[in-house]
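Residues 180 to 253 (our numbering) make up the sequence shown, in order.
Built from N, CA and C at the ideal position, the CB exists for glycine as well.
Down below is the structure, laid out as structure tokens.
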Amino acid sequence: MRELLRTNDIVLLSAVEALLDGAGIVHLVLDQHMSVMEGSIGLLPRRLLVGEDEMSRARTLLREAGLGAELRAE
Numbered sequence: 180m181r182e183l184l185r186t187n188d189i190v191l192l193s194a195v196e197a198l199l200d201g202a203g204i205v206h207l208v209l210d211q212h213m214s215v216m217e218g219s220i221g222l223l224p225r226r227l228l229v230g231e232d233e234m235s236r237a238r239t240l241l242r243e244a245g246l247g248a249e250l251r252a253e
């Protein structure tokens with residue numbers, strides 16, 4: 180799996196997850212529970228990963244949704 184995006188914005192993360200779910204793209208969110216370690220201030224970003232074979236499709240989907248600026252560099 181490769182990192183598609185990294186963000187502290189839980190609303191953005193939720194929107195991207197909904198887009199990926201709707202397109203049937205399997206994804207994984209890492210570091211969701213790190214806020215417990217940091218004191219719940221939202222300092223550490225969450226990472227969203229998709230499979231290597233779905234990366235191109237996921238990137239296209241986010242660009243078409245107007246979220247291309249959020250994508251990690253290739």
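Taking Cβ to Cβ, would you say residue i is nearer than 8 Å to residue j?
i: Ala244; j: Ile204; result: no
i: Glu249; j: Leu191; result: yes
i: Val208; j: Leu246; result: no
i: Leu240; j: Ala202; result: yes
i: Leu223; j: Asp210; result: yes
Just curious, the alpha helix (DSSP H) that residue i is in, first and last residue?
i: Glu196; result: 189-201
i: Arg242; result: 234-243
Which residues in the same chain have their Cβ closer than 7 Å to the Cβ of residue i, if we skip the five residues on either side of it in sequence?
i: Gly230; result: Met180, Val205
i: Thr186; result: Leu192, Pro224, Arg225, Glu249
i: Leu184; result: Val195, Leu227, Glu249, Leu250, Arg251
Once the 5 residues before and after residue i are set aside, which same chain residues still bring their CB inside 6 Å of it?
i: Glu182; result: Arg226, Leu228, Arg251
i: Glu233; result: Ile204
i: Ile189; result: none
Could you spell out the range, first to last residue, of the beta strand (DSSP E) harbouring residue i?
i: Leu207; result: 206-209
i: Leu250; result: Where Leu250 is concerned, there is no enclosing beta strand (DSSP E), given that its DSSP letter is neither H nor E.
i: Leu228; result: 225-229
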